[in-house]
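I have placed the structure first, in the form of C-alpha coordinates, so that the comments after it can refer back to it.
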Amino acid sequence: MKNTYGIWAVRSAASIFGHAEAWCKEDGRPLEFESLEAAQAYALKRNREATMSVIRLKKKDRNRTL
1 MKNTYGIWAV RSAASIFGHA EAWCKEDGRP LEFESLEAAQ AYALKRNREA TMSVIRLKKK
61 DRNRTL
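The opening position of the sequence shown corresponds to residue 1 in full-length UniProt numbering, with each subsequent residue numbered one higher.
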(Lines of atoms letter the chains of each structure in order from A and count residues from 1; the text may use other names and numbers.)
(Lines give C-alpha, C1' and ligand atoms only; values in the text may rest on other atoms or scores of the structure.)
Protein backbone atom coordinates (compact mmCIF):
# COMPACT_ATOMS: atom_id res chain seq x y z
CA MET A 1 0.00 0.00 0.00
CA LYS A 2 1.33 3.41 -0.98
CA ASN A 3 1.51 6.09 1.71
CA THR A 4 -0.22 9.41 1.16
CA TYR A 5 0.16 12.62 3.08
CA GLY A 6 -2.33 15.30 4.01
CA ILE A 7 -2.37 18.67 5.73
CA TRP A 8 -3.93 19.03 9.18
CA ALA A 9 -5.12 22.59 9.92
CA VAL A 10 -5.30 23.78 13.52
CA ARG A 11 -7.11 26.96 14.54
CA SER A 12 -6.11 28.54 17.83
CA ALA A 13 -8.54 29.02 20.70
CA ALA A 14 -7.59 32.71 20.41
CA SER A 15 -9.50 32.87 17.11
CA ILE A 16 -12.90 34.58 17.23
CA PHE A 17 -14.31 31.25 16.00
CA GLY A 18 -12.54 29.20 18.70
CA HIS A 19 -10.33 26.14 18.46
CA ALA A 20 -10.78 23.67 15.58
CA GLU A 21 -8.81 20.97 13.77
CA ALA A 22 -9.50 19.37 10.39
CA TRP A 23 -7.94 18.09 7.17
CA CYS A 24 -7.35 20.77 4.53
CA LYS A 25 -9.86 20.11 1.77
CA GLU A 26 -10.51 21.07 -1.82
CA ASP A 27 -13.95 20.53 -3.36
CA GLY A 28 -15.02 18.75 -0.17
CA ARG A 29 -12.23 16.12 -0.28
CA PRO A 30 -9.06 16.09 1.84
CA LEU A 31 -5.96 17.14 -0.07
CA GLU A 32 -3.58 14.24 -0.73
CA PHE A 33 0.12 14.37 -1.55
CA GLU A 34 2.31 11.53 -2.81
CA SER A 35 5.38 12.70 -0.89
CA LEU A 36 6.19 14.24 2.45
CA GLU A 37 8.14 16.97 0.66
CA ALA A 38 5.08 18.02 -1.38
CA ALA A 39 2.95 18.15 1.78
CA GLN A 40 5.61 20.19 3.58
CA ALA A 41 5.85 22.66 0.70
CA TYR A 42 2.08 23.15 0.63
CA ALA A 43 1.89 23.57 4.43
CA LEU A 44 4.74 26.10 4.38
CA LYS A 45 3.08 28.10 1.60
CA ARG A 46 -0.26 28.18 3.40
CA ASN A 47 1.31 29.03 6.77
CA ARG A 48 2.98 32.05 5.18
CA GLU A 49 -0.48 33.24 4.08
CA ALA A 50 -2.22 32.44 7.38
CA THR A 51 -2.87 34.54 10.44
CA MET A 52 -1.38 33.59 13.78
CA SER A 53 -4.57 31.78 14.76
CA VAL A 54 -4.28 29.04 12.09
CA ILE A 55 -1.38 26.70 11.41
CA ARG A 56 -1.11 23.74 9.05
CA LEU A 57 0.83 20.59 9.77
CA LYS A 58 1.84 17.77 7.46
CA LYS A 59 0.43 14.44 8.52
CA LYS A 60 0.99 10.90 7.31
CA ASP A 61 -2.14 8.90 6.54
CA ARG A 62 -1.24 5.22 6.14
CA ASN A 63 -4.74 3.99 5.35
CA ARG A 64 -5.39 5.87 2.12
CA THR A 65 -4.08 5.32 -1.37
CA LEU A 66 -3.99 7.69 -4.32
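Just so you know, even glycine gets a beta-carbon here, dropped at the ideal spot from N, CA and C.
Under DSSP, E26 forms a beta bridge with R29.
Between V10 and E26, the C-beta gap is not smaller than 8 Å, which leaves the two residues out of contact. Excluding its 5 nearest sequence neighbours in each direction, F33 has C-beta neighbours in its own chain below 6 Å: Y5 and A39, listed in chain order. When the five nearest sequence neighbours on each side are left out, the beta carbons in the same chain lying within less than 6 Å of the beta carbon of P30 are those of G6 and W23, in order along the chain.
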